[in-house]
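For reference, the structure discussed in these notes is given below.
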Amino acid sequence: MHPACDMLKNVRFAGNLIPHSFYRHIRRESGTTDFEGVGIMSDILYHYRPAEIRDRKTGRITGYRQRFRGDKFQISYRQYAEHYGISKGQVTTAVKNPDRLGLVFREIHDGCPYRWAQKTCPPYEIHSCFCMKNCHRI
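The numbering of the sequence shown is the working numbering, which starts it at 3 and goes up by one.
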């Protein structure tokens, strides 16, 4: 086995997984791959994947829970812009592609999505609620 493979065999990666089909399907109107859209779609997919609940003693899976509070995953364009190091305009464009393709649908909300975070959220900030729609098709 290659030393790098041997070194990584015990590393447990967490976070976004990007299905290869996203690169073929999430494209700009010009036909090129929308890498920002792929990243955002994979983040939405991550938040909708159930998290495992494990027994601390045995390590066995005892159940699953959702990764977000409320009935839909909510995040602002500003938060995505900071996370990916891109502008809010790029985020706005990138979010439109999965929506246009029918993979997710968006609901726009003004203000803060959670009561506990209202002190840290600017009142003018727009939050999008994302809901998975036909992601399993790609």
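No residue lacks a Cβ here, since even glycine has one placed at the ideal position from N, Cα and C.
As the structure is a computational prediction, the values presented were derived from the model and not from experiment.
Worksheet entry | Three-state secondary structure (DSSP) of S89 | coil
Worksheet item: Around the Cβ of M43, are there at least 16 other Cβ atoms within 10 angstroms (buried) or fewer (exposed)?
Response: Result: buried.
Item to complete: Assign V40 to one of two classes, buried (16 or more other C-beta atoms within 10 Å of its C-beta) or exposed (fewer than that).
Response: buried
Practice prompt. State the DSSP-derived secondary structure class of G39, mapped to helix, strand or coil.
Written response: Under the three-state reduction of DSSP, G39 is assigned to helix.
Worksheet item: For V13, is the classification buried or exposed, using 16 other Cβ atoms within 10 angstroms of its Cβ as the cut-off for buried?
Response: exposed
Discussion item. By DSSP's criteria, A53 is part of a beta bridge. Which residues make up the other side?
Written reply: R67
Fill in: Nearest neighbour of N99, chosen from R29, Y66, F15 and I77 [CA to CA]
It is R29.
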